[in-house]
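Just so you know, the sequences run in chain order A and B. The opening residue of the first sequence carries number 222 in my numbering; numbering runs sequentially from there. The opening residue of the second sequence carries number 2 in my numbering; numbering runs sequentially from there. The beta-carbon is built from N, C-alpha and C at its ideal position, and this holds for glycine as well. Being a predicted model, the structure only gives us computed values, none of them experimental.
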Amino acid sequence: GDSVTQMEGPVTLSEEAFLTINCTYTATGYPSLFWYVQYPGEGLQLLLKATKADDKGSNKGFEATYRKETTSFHLEKGSVQVSDSAVYFCALSARGGSEKLVFGKGTKLTVNP
Amino acid sequence: SAVISQKPSRDICQRGTSLTIQCQVDSQVTMMFWYRQQPGQSLTLIATANQGSEATYESGFVIDKFPISRPNLTFSTLTVSNMSPEDSSIYLCSVATGWDQPQHFGDGTRLSIL
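(1) Any C-beta of chain B within less than 9 Å: which residues of the stretch 252-270 of chain A qualify?
(2) Between the alpha carbons of Met-32/B and Ala-48/B, how many angstroms are there, rounded?
(3) Going along chain B in order, which residues have a C-beta closer than 7 Å to the C-beta of Gly-327/A?
(4) Could you tell me the alpha carbon to alpha carbon distance between Ser-319/A and Gly-299/A, rounded to whole angstroms?
(5) Please return the same chain residues whose Cβ sits closer than 7 Å to the Cβ of Gln-15/B, not counting the five positions on each side in sequence.
(6) Does the Cβ of Lys-281/A have 16 or more other Cβ atoms within 10 Å, making it buried, or fewer, making it exposed?
(7) Against chain A, which members of the stretch 19-40 of chain B pass a CB distance test of less than 7 Å?
(8) Does DSSP classify Pro-1/B as helix, strand or coil?
(9) Taking the straight line between their C-alpha atoms, what separation do you get for Trp-100/B and Arg-316/A?
(10) Starting from Lys-321/A, find everything on chain B with Cβ-Cβ shorter than 9 Å and list it in chain order.
(11) Establish whether the CB of Phe-210/A and some CB of chain B are separated by less than 8 Å.
(12) Is it true that the CB of Phe-294/A sits closer than 8 Å to the CB of Ala-274/A?
(13) For Ser-2/B and Arg-111/B, which I take to be in contact (beta-carbon distance under 8 Å), what is that distance rounded to the nearest angstrom?
(14) Looking only at its chain, what residues have a beta carbon closer than 8 Å to the beta carbon of Asp-65/B, apart from the 5 residues adjacent to it on each side?
(15) Step through the CB atoms of chain A and report whether any lies within less than 8 Å of the CB of Gln-104/B.
(16) Could you tell me which whole beta strand (DSSP E) segments of length 3 or greater appear in the stretch 281-308 of chain A?
(17) Would you mind sorting Pro-72/B into buried or exposed? The rule is 16 or more other CB atoms within 10 Å of its CB.
(18) Is the Cβ of Leu-79/B closer than 8 Å to any Cβ of chain A?
(19) Please confirm whether Phe-324/A has its beta-carbon closer than 8 Å to some beta-carbon of chain B.
(20) Is the Cβ-Cβ distance between Cys-244/A and Leu-296/A less than 8 Å?
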């Protein structure tokens, strides 16, 4: 079945450091890919998405590119802030998101001032 | 995006009891889902809530344990029945406003079973 493998955490960075969180997937067909973020004590927020190969999703300084050849969707940010401290989940769905989401295990990011 | 309200936000329950969680959306949505997030873990889909018909359950989840209702396009409930400590989790409702639209999540219900 479909699966998502995500970089294990936790990840600890200093403010203004560069962030990469690796995500690879296994799926039949052409899934849509997502990054969700969960701040402490809250639900999940959609951070960005990509629905086809070579699409780049971006939001709040975060970016991820759908790479079909490497089945990857790595999350990057050029300069992290303390407020970016959260758990980040990579996920896929067979359709644009209106079908079951399959999640990675999540990566906890802590950014220190 | 749609505003999703989940109630209660948290609860502490005794084993053997049942709790019903409500999910209310401020606009009509095509799809509604219920997920479980066990402590320190990722999210797992429990079921898809179908409007006017029985929910579609994922492997490992059964209707007797997690009955779901969806009477209209803006509201759904999930009941966790005959609870045990292993049911201590965060339960999250999500919605998709249309086909091929991403899912958005409520803030979740944090459930602890003593």
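Let me lay it out:
(1) Ser-253, Phe-255, Tyr-257, Gln-259, Gly-262, Glu-263, Gly-264, Leu-265, Gln-266, Leu-267 and Lys-270
(2) 11 Å
(3) Ser-43
(4) 31 Å
(5) Leu-115
(6) exposed
(7) Thr-31 and Met-32
(8) In the structure as shown, chain B begins at 2 and stops at 115. Residue 1/B is therefore absent and cannot be evaluated.
(9) 8 Å
(10) Phe-34, Leu-46, Thr-49 and Glu-59
(11) Absent from the model: residue 210/A. The displayed extent of chain A is 222 to 334, so no value can be given.
(12) no
(13) About 23 Å separates the two Cβ atoms, so there is no contact after all.
(14) Ser-82
(15) yes
(16) 283-286 and 296-298
(17) exposed
(18) no
(19) yes
(20) yes
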